[in-house]
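First comes the structure, then the notes that go with it.
2 protein chains.
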Amino acid sequence: MLELYHFGPVANSLTPLLCLLEKGLPFQNRLLNSRLWEHHSPEFQKLSPDGTVPILVHDGKVVRESTVINEYIDSVFPEVPLRPSDLWFRAEMRVLTKFVDEYFCPALTTIGAHQATPFASKIDKQEMAQILARMPNEEVRRKWETVSDSGYSEEQLADARRRLQVCVRRMESQLEHGGEWLLPGQYSLADIKWYSMMPGVPRLAPELCNEEVAPRTTAWLQRMKSRAAVEALEGYRPPR
Amino acid sequence: MLELYHFGPVANSLTPLLCLLEKGLPFQNRLLNSRLWEHHSPEFQKLSPDGTVPILVHDGKVVRESTVINEYIDSVFPEVPLRPSDLWFRAEMRVLTKFVDEYFCPALTTIGAHQATPFASKIDKQEMAQILARMPNEEVRRKWETVSDSGYSEEQLADARRRLQVCVRRMESQLEHGGEWLLPGQYSLADIKWYSMMPGVPRLAPELCNEEVAPRTTAWLQRMKSRAAVEALEGYRPPR
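Which chain is which? The protein sequence lines are V and U, in order.
Residue numbers for the first sequence, in the numbering used here: 357 to 596.
Residue numbers for the second sequence, in the numbering used here: 357 to 596.
This is the structure in structure tokens:
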């Protein structure tokens, strides 16, 4: 049995969700409510001690880290392969997913978390102190300390936007081969990983990602949105 | 033919070097002199456009990123396997290598780069401006701007030391299973990746990594140092 604990079809939670849907694998849908801090509950921490989301539970065994989860799914369930069989292209795929984890995700997280400042700064100070004290991961706690206070500085936000521009330029240059997907001739886990972040860019920084400055990225986003598995993501949104 | 371009047996360059030696694979040794900025030369940039080191060239094809290179080597040359055949343990191995790339390496780089300040700040300002202008990677250029000026702030260095302590604690807890290597029962690419960084900690921050506060890590470092392949690394040091 597969169980996916996630926050809905956004950011790192989208990564394994889309992989499972692309492969048509049945799974138990374990949606967590981040605004109720369900991922910092003692119950969830039995599965994910540092509160990291998403996690996949496969026959009782926990698999962590969205990029690692997807390679695991693709190796255990090799039907509908999402990794190139050519080993050089498989390495290129990993360079692309690694870039998202190390560079794209932190930049987008800074801007996205800053937008949570109006929500987080309204929480009663004493209540917030208790919430922060329960956070098991030091880096996450530091992020929420910033967000629930005054948010990131103008300088930090400008640097995050600069890095987002690097990401869009990298995608434009990656798509220079003229194919539909990030690797020539094959839809792969690289497209899934980049799609976990890229839709956030035109929303949070429209000047960086539009038809004029990023025509290939914009066309790729359209192609992604018309895939059946991407359309099916809508069924996994948290109820409003 | 395999060619490895590297800076010697240290940090990310050590990662594929040790992997090749563990597997007993013959390769052309392409040692670059970082103090002469050989990795920013137009010639090297034909192979590695953003100046990233190490790279592996396999029959003319460039493979990038040390962690990706090692998975590539292990899949193309599966004799002397360095990845668990069990897929769940293989995922755990990737969680461990990913942590080094995303968290351990940046923390150690801050402290290590700061120690280059006496060297870098002695370079003539005009010459340094030219060196900086030739750096193809924006993040690397920013690092050297800092290092050649006044170095990192006390606050930045203290935060990097805090993160190094998290790394040592993670290794101590990972080794709780009582086995010799990071994964129970098998020496793997995870040990190789952690060994690319961990020897720097007792050197740069001895209070964080010694027999008293980190007994398992210290014993693991000793076990690593007595491996034949680790001893063989000495033959790949730059001439003094």
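Heads up, the beta-carbon is just placed ideally off N, CA and C, and yes, glycines get one too.
Computed from a predicted model, the values in this text were never measured in an experiment.
Span of the beta strand (DSSP E) holding residue i?
i	result
arginine 420/V	417-420
valine 413/U	411-414
glutamate 359/V	358-362
Is it buried or exposed for residue i, if we count other Cβ within 10 angstroms and need 16 for buried?
i	result
methionine 527/U	buried
histidine 470/U	buried
glutamine 530/U	buried
serine 544/V	buried
alanine 447/U	buried
histidine 533/V	exposed
serine 397/U	exposed
aspartate 457/V	buried
valine 436/U	exposed
lysine 549/V	buried
proline 405/V	exposed
alanine 516/V	buried
alanine 485/V	exposed
alanine 570/V	buried
Comparing the CB of residue i with every heavy atom of the ligand ZN, is any distance shorter than 8 Å?
i	result
aspartate 442/U	Here there are no bound small molecules, and the ligand ZN is not part of this structure.
Given residue i, which residues of its chain have a CB within under 8 Å of its CB, disregarding the five upstream and five downstream residues?
i	result
glutamine 401/U	Gly407, Pro492
leucine 513/V	Thr466, Ile467, His470
isoleucine 307/V	There is simply no residue 307/V to check, as chain V begins at 357 and stops at 596 in what is shown.
leucine 392/V	none
proline 365/U	Leu373, Leu374, Leu589, Glu590, Tyr592, Arg593
leucine 601/U	Outside the displayed range of chain U (357 to 596) lies residue 601/U, so it cannot be described from this structure.
Excluding sequence positions up to five away, which residues of its chain have a Cβ less than 6 Å from the Cβ of residue i?
i	result
methionine 580/V	Tyr551, Val586
aspartate 430/V	Leu438, Arg439
glycine 556/V	Leu464
leucine 358/V	Phe383, His414
leucine 377/U	Ala585, Ala588
alanine 367/U	Ser552
proline 558/V	Cys565
leucine 346/U	Outside the displayed range of chain U (357 to 596) lies residue 346/U, so it cannot be described from this structure.
So what's residue i in DSSP terms, helix, strand or just coil?
i	result
leucine 388/U	coil
leucine 377/U	helix
glutamine 542/V	strand
valine 626/U	Nothing can be reported for residue 626/U, as the shown portion of chain U is limited to 357 through 596.
threonine 408/V	coil
lysine 481/V	helix
glycine 591/U	helix
glutamine 471/U	coil
methionine 449/U	helix
serine 504/V	helix
arginine 596/U	coil
aspartate 430/U	helix
tryptophan 537/V	coil
proline 492/V	coil
glutamate 563/V	coil
tryptophan 444/V	helix
phenylalanine 455/U	helix
proline 462/U	helix
glutamate 568/U	coil
tryptophan 393/V	coil
proline 382/U	coil
Closest to residue i by CA distance: which of the options is it?
i	options	result
serine 369/U	Glu421/U, Val413/U, Pro405/U	Glu421/U
glycine 541/U	Glu394/U, Trp393/U, Phe445/U, Arg391/U	Phe445/U
leucine 387/V	Leu381/V, His395/V, Gly380/V	His395/V
glutamate 536/U	Met553/U, Arg497/U, Glu567/U, Gln578/U	Gln578/U
proline 595/V	Thr371/V, Asn389/V, Val366/V	Asn389/V
proline 562/U	Ser404/U, Gln521/U, Ala584/U	Gln521/U
tyrosine 428/V	Val503/V, Cys375/V, Asp480/V, Thr466/V	Cys375/V
valine 503/U	Val524/U, Arg525/U, Pro474/U	Pro474/U
glycine 507/V	Lys481/V, Ala476/V, Phe455/V	Ala476/V
phenylalanine 433/V	Val432/U, Glu495/U, Leu443/U, Ser582/U	Leu443/U
aspartate 480/U	Glu494/U, Thr573/U, Asp505/U	Asp505/U
phenylalanine 455/U	Thr574/U, Gly416/U, Thr573/U, Thr423/U	Thr423/U
glutamate 494/V	Glu495/U, Arg519/U, Thr574/U, Arg583/U	Arg519/U
Would you mind reading off the limits of the alpha helix (DSSP H) that contains residue i?
i	result
lysine 581/U	571-581
cysteine 523/V	510-530
proline 365/V	From DSSP, proline 365/V is part of no alpha helix (DSSP H); its letter is neither H nor E.
leucine 403/V	First-last for leucine 403/V: undefined, no H or E at that position.
leucine 560/V	556-560
Any beta carbon of chain A sitting closer than 9 Å to that of residue i?
i	result
serine 431/U	Protein chains in the displayed structure are V and U, and chain A is not among them.
Identify, in the order they occur along the chain, each residue of the same chain with its Cβ nearer than 7 Å to the Cβ of residue i, setting aside the five sequence neighbours on each side.
i	result
alanine 546/V	Met449, Leu452, Thr453, Leu538, Leu539
leucine 488/V	Arg497, Trp500, Glu501
asparagine 385/U	Leu360, Tyr592
phenylalanine 460/V	Cys523, Met553
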